[in-house]
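Quick notes on the structure that follows.
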Amino acid sequence: MTCHNIDVLYSLFGINRNLDRILYDSIFTRCLTLIRSSSNMHIYSLTDEMLDRFCVAILSKIHHKIEELTVETLSMERVFLVDNYSDLHKLELVSIRLEELERQFDVIYFNDHDQIDIPSNEHIQYTLKTYKNT
24 MTCHNIDVLY
34 SLFGINRNLD
44 RILYDSIFTR
54 CLTLIRSSSN
64 MHIYSLTDEM
74 LDRFCVAILS
84 KIHHKIEELT
94 VETLSMERVF
104 LVDNYSDLHK
114 LELVSIRLEE
124 LERQFDVIYF
134 NDHDQIDIPS
144 NEHIQYTLKT
154 YKNT
């Protein structure tokens with residue numbers, strides 16, 4: 024499933040209660056991709072305006088329903104600080120350098136062989152190892 028519900032959430036969230044109830048559904052909240060990509064496959068950050076709205080008004084209300092999240096370097100810290108993503112099963116980090124990864128996730132242990140050890144979440148561990156090997 025392609026996860027590009029940010030435009031729907033950004034445009035319609037907060038208009039009225041009935042619409043918000045629909046937007047709270049897992050169809051819109053289960054999988055979020057908080058990046059933009061161009062037709063030539065370049066990755067871009069959300070605009071400051073979009074990121075502000077997501078962090079202040081939207082993510083704070085749906086964080087507990089998000090199962091899959093895609094973020095990039097410039098916005099990930101703000102997104103992670105919104106709240107606890109208790110149902111998060113998959114995290115995709117786009118356009119991130121190893122140094123930034125270490126800084127953001129101080130719980131990740133990078134040993135002498137540059138292996139990433141995250142014992143609590145196999146999906147995130149797999150995603151990070153896959154990223155590192157590319």
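Residue numbering for the sequence shown follows the working numbering, starting at 24 and increasing by one per position. Virtual Cβ for every residue (Gly too), placed ideally from N, Cα, C.
Residues of its chain near residue i, where Cβ-Cβ distance is below 6 Å and the 5 sequence neighbours each way are ignored
i: SER109; result: HIS87
i: GLU91; result: CYS54, LYS113
Residues near residue i by beta carbon distance below 8 Å, same chain, minus five either side
i: ARG101; result: LEU74, CYS78
i: SER83; result: VAL105, ASP106
For residue i: DSSP bridge partner residues
i: TYR67; result: ARG59
i: VAL105; result: Answer is none; VAL105 lacks a bridge partner.
i: VAL117; result: GLU95
Rounded straight-line distance, which links the Cα of residue j to that of residue i
i: ILE81; j: ARG120; result: 28 Å
i: VAL105; j: THR70; result: 17 Å
i: ASP48; j: GLU115; result: 22 Å
i: ILE89; j: ASN107; result: 10 Å
i: THR56; j: PHE103; result: 14 Å
i: ASP43; j: GLU72; result: 20 Å
i: MET99; j: ASN41; result: 30 Å
i: THR93; j: LEU111; result: 11 Å
i: GLU123; j: MET64; result: 22 Å
i: TYR132; j: ILE38; result: Below a pLDDT of 50, predicted positions are generally treated as unreliable, and TYR132, at 49, falls in that range; the measurement from the model is reported next regardless. Going by the C-alpha atoms only, they are around 44 Å apart.
C-beta contact flag for residue i and residue j at 7 Å
i: ILE29; j: VAL117; result: no
i: SER68; j: LEU35; result: no
Span of the alpha helix (DSSP H), counted from its first residue to its last, around residue i
i: VAL31; result: 29-35
i: LEU46; result: 40-46
i: LYS84; result: 82-85
i: PHE51; result: 49-52
7 Å CB neighbourhood of residue i in its chain, flanking five on each side removed
i: LEU32; result: LEU46, PHE51, ILE81
i: ILE66; result: ILE58, SER60, GLU95, VAL117, SER118
i: ILE85; result: TYR47, THR52
i: ARG76; result: TYR33
Test: residue i CB closer than 7 Å to a CB of chain B
i: LEU82; result: Absent here is chain B; the protein component of the structure consists of one chain.
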